[in-house]
Amino acid sequence: MKERVRRGARPAGTDAFVLAWALALALTFAVPCAHAQPPAAAQADSGVGADSSDLADLEDLPPATLERDVHLFVVQKDGSVQEHDDSTLRANTTAGVDAVAQRYVWFNKDIETITELSAQTVDPDGTVHEVAPSAIRDVQEPRSAGAPTFEDGVLRTVIFPGVQPGSRVRLVWAKRRAKALQAGTFSYFAEPPGEPVELQRLVFDLPADLPLHVDARGYTALAPVSANGRTRYAFEYRHGPDAPLEPGAVARVNWGARLMVTTVPDYAAFAARYREAAADPTASDPSIAAFARALTAGLDDPREKAARIYDWMRLNIRYVALFLGETAAAPHHAVDILRVRYGDCKDHVALFTALLAAVGIRAEAALLNLGPVYTLPSVPGYGVEAIDHAIAWLPELGLFADTSSGGVAFGYLPAGVMDRPALLVDDGVLVRTPATQPRERVARLEIDVAASGAAAYRYRVDDTGAGAEPERNTFRRATHQEAQQIALQRLRQTGLAGTARLSTSALDATGGPFAATVSGTLEHVVWPDGTTALPALSSFTGGIASQLDAWLAVPRRTQPWACVGGNFEELAQIVLPAFARVTDLPRDTSASALADGARLDYASHYVFDPASRTVQVTRRLSAQFGRQMCSPEQFAQMRDALVRMQRDTHAQIVVRAKRERTTGDERRGEAEGRPSVACAAVSCIGRGGPLGLLSRRASSPAPRRPA
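Reading the sequence shown from the start, the letters are residues -36 to -1, 1 to 671 in mature numbering (1 follows the signal peptide of the UniProt record, and there is no 0).
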């Protein structure tokens, strides 16, 4: 799912908006500041004659600050709502100008009306500039482009004039929702904006006999006030700078502030309301049944039937990425989805379950969050970091399925829906999606260095389990030229220069292992004179080294982080030219770590065969976390072992051109078939011994080339 447009952010689909996997997109600012930034001229001169403390203050200034935001919701028993919002943002820096100078009000044109909107830019000296009507316009929600049944989402765009560092932008708007997204209910999810907040107040005005159920963390609840048959609930939030999210960290809402308010008492009641709204008289339509039977013709096993329907769904029903709960919380009719061949997540579930039912397989919707969010509030409701996605649960097969994730094989799940609570709509209970699934990767790398120092190479990766179909889908959906560019990009990301030619196993398969082979040439692998520190590669980017680098992206972790495990094996052989003499070979390494149920095991082995002038590198990593979100304490327990593993994956093989003068010790080392141990600038560790080579080409020692 894509994120709802936030205050001060550009909407999805615009030229300056960036979509990320992750999955939770927001502007993150560093430090709050209660004062406007000095005028631009003063900024330009601030580096001259300023002391170090002044410079530090400028460096720490957040791009923008939310000075005040008061948001009122007046809710009726039928779920209709009148909203009023008055907010002021201050641009502290030039980057802050970009963040606040264009703002948006999202509304559903079918059931909501903007009844009031005014906007102003206030200069640092207090001069007020009203936003002209020509600078306020409606644009179609970009995510619904090309999907007529989802054209109800609209962005009212406000472009502020004359914004500069120190300016404030004030936006006041009101809208009326005539019909509840879920009949007779109201819910609202709030999380702090990315910028520092001086005051945010959320006020909910409800009939006195309509209870409001609340999960507030980090928000201060004020005492409810009742009068004239209604009750007002208010919540305030003030906060300075949040520490930036660490690389690899999960969403801040897992431990940070959040507010969920709802008139639905519990998850069982929430499931019942969704179930009622999703009831579809066309689910048993003869056209649905006939189509399902045709798809599964010749199959008797229920799992095979479900897999056939799943594959057809994910490859033929286009996914329209809208938030569940952002528009009407009910799917379209199955016959209509089948006809138009697109739909959002709840539409995918509706058609998938209807097709399954037609061949005797029971399935139901499961509501959860899509993204790096591993908990739900204690009270139910829709929200970007609450319930915002639907997948299917097949109880007789004991598995979940997400047909909206087009690149995941049947029986597996995308990481974004794993290890989290899911609400089963028919049963009305919360369960948890699987925390782990099989994932294996085997890489084989062969490099043959010529007398020029350039090399020919062949690199093959076999993916098994969860990683196979996403990789196959990447190349299935790419043109031939795009696929070749992907291969070349991976070569460059490894730090290598050369050519790349890609071939793969069958792309029309929808499950099972997947193999990709890249071959080509490499430039300047070994220099023909002097000394070369050759990376002891066993994989291109995406292998064990990449995995360890990602986990160790920060030296210390203070935030929960995503930990996806698997089994990885890499074998490489590097055939050196006649002029190259190995003077340093890395030492074999083994490391293990145990941390609160997580286990890591790593081993590497290096061997040099002087007869064939071949270096063999073997690395293995088994990472079994047992979960998708790990704690900072687990990282601390594993860190020393991770560092040893990472150091080994960055090891180098040092070779020297033989035409340089050698010492007597070095000549004796060569005669004995071991690398020299006479190095001045590096720590040299000789490793000799028998060699079991990887390929048929090197299965027997090659004849010794003349030195």
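Each residue gets a CB set at the ideal place from its N, CA and C atoms; glycine is no exception.
8 Å Cβ cutoff met for residue i and residue j
i	j	result
F168	A185	no
Y376	A430	yes
A138	T79	yes
A470	L486	no
L409	S503	yes
residue 672	A473	Look at the range of the chain in this structure, -36 to 671, and you will see that residue 672 is not part of it.
A407	G307	no
L361	R267	yes
L564	A605	yes
V127	A65	yes
R132	E31	yes
P27	A63	yes
S568	V539	no
I411	V489	yes
R321	A247	Checking the sequence shown, residue 321 turns out to be Ala, not Arg. Taking 8 Å as the Cβ cut-off, A321 and A247 qualify as a contacting pair.
residue 676	T522	Given a span of -36 to 671 for the chain in the structure shown, any question on residue 676 remains unanswerable.
A464	L455	yes
V118	F71	yes
A172	T195	yes
Extent of the continuous beta strand (DSSP E) to which residue i belongs
i	result
P171	161 to 171
R403	403 to 413
L534	One point to set straight first is that residue 534 is Glu, not Leu, in the sequence displayed. Per DSSP, E534 belongs to the beta strand (DSSP E) from 530 to 539.
V607	That residue, V607, is in no beta strand (DSSP E); its alpha helix (DSSP H) goes 596 to 613.
Y200	In the sequence as presented, Tyr is not what sits at residue 200; that position holds Glu. Start and end: 194 to 203.
I351	Premise fails: I351 is in no beta strand (DSSP E) and is neither H nor E.
V122	117 to 123
W137	132 to 141
L302	First-last for L302: 298 to 304, but that is the alpha helix (DSSP H), not the beta strand (DSSP E).
S151	151 to 154
V579	578 to 588
D565	562 to 573
Y376	Per DSSP, Y376 belongs to no beta strand (DSSP E) and is neither H nor E.
E328	328 to 332
G417	No beta strand (DSSP E) contains G417, which DSSP labels as neither H nor E.
F364	363 to 365
Host alpha helix (DSSP H) of residue i (start-end)
i	result
H312	309 to 322
I252	250 to 259
F234	231 to 242
Y274	266 to 280
D513	508 to 515
Burial state of residue i (16 or more Cβ within 10 Å)
i	result
L340	buried
E159	buried
residue 678	The question about residue 678 has no answer here: the residues shown for the chain are numbered -36 through 671.
V299	buried
E47	buried
G43	buried
A14	Only weak support exists for where A14 lies, its pLDDT of 40 falling under 50; the value from the coordinates is given anyway. By the 10 Å Cβ count, A14 comes out exposed.
A500	buried
K269	buried
L358	buried
V393	exposed
Q588	exposed
E433	buried
residue 718	Residue 718 cannot be examined here, being either before or after the span of the chain that is shown, -36 to 671.
A635	Only weak support exists for where A635 lies, its pLDDT of 39 falling under 50; the value from the coordinates is given anyway. When all chains shown are included, A635 counts as exposed.
Closest by C-alpha distance to residue i, when choosing among the options
i	options	result
P596	L516, S568, V546	L516
I273	Q537, A243, V313, T52	V313
K310	W70, R282, A442, A479	R282
residue 683	L585, E155, Q453	This structure cannot speak to residue 683, because the chain is shown only from -36 to 671.
R583	S554, L606, R141, A473	S554
P344	T367, A365, P385	P385
A509	H488, P524, P434, R608	R608
G347	A63, N333, F374	N333
E162	A447, T29, V406	T29
L387	A236, Y197, L315	A236
residue 673	P245, L315, A243, V284	Any question about residue 673 goes unanswered here, given that the chain covers just -36 to 671.
T495	P125, R620, P27	R620
residue 673	A600, A356, G476, Y570	No information on residue 673 is available, as it lies outside the stretch -36 to 671 that the chain covers here.
V34	I301, T52, L25	T52
W525	A242, M593, L119, D548	M593
D102	F150, T77, A242	T77
Just to confirm the assignment: which complete beta strand (DSSP E) runs, minimum length 3, are found wholly within the segment 18 to 93?
28 to 39, 45 to 55, 66 to 72, 76 to 86
Report the residue ranges of all beta strand (DSSP E) runs contained in full by the segment 439 to 493; include only those spanning at least 3 residues, in chain order.
465 to 468, 478 to 486
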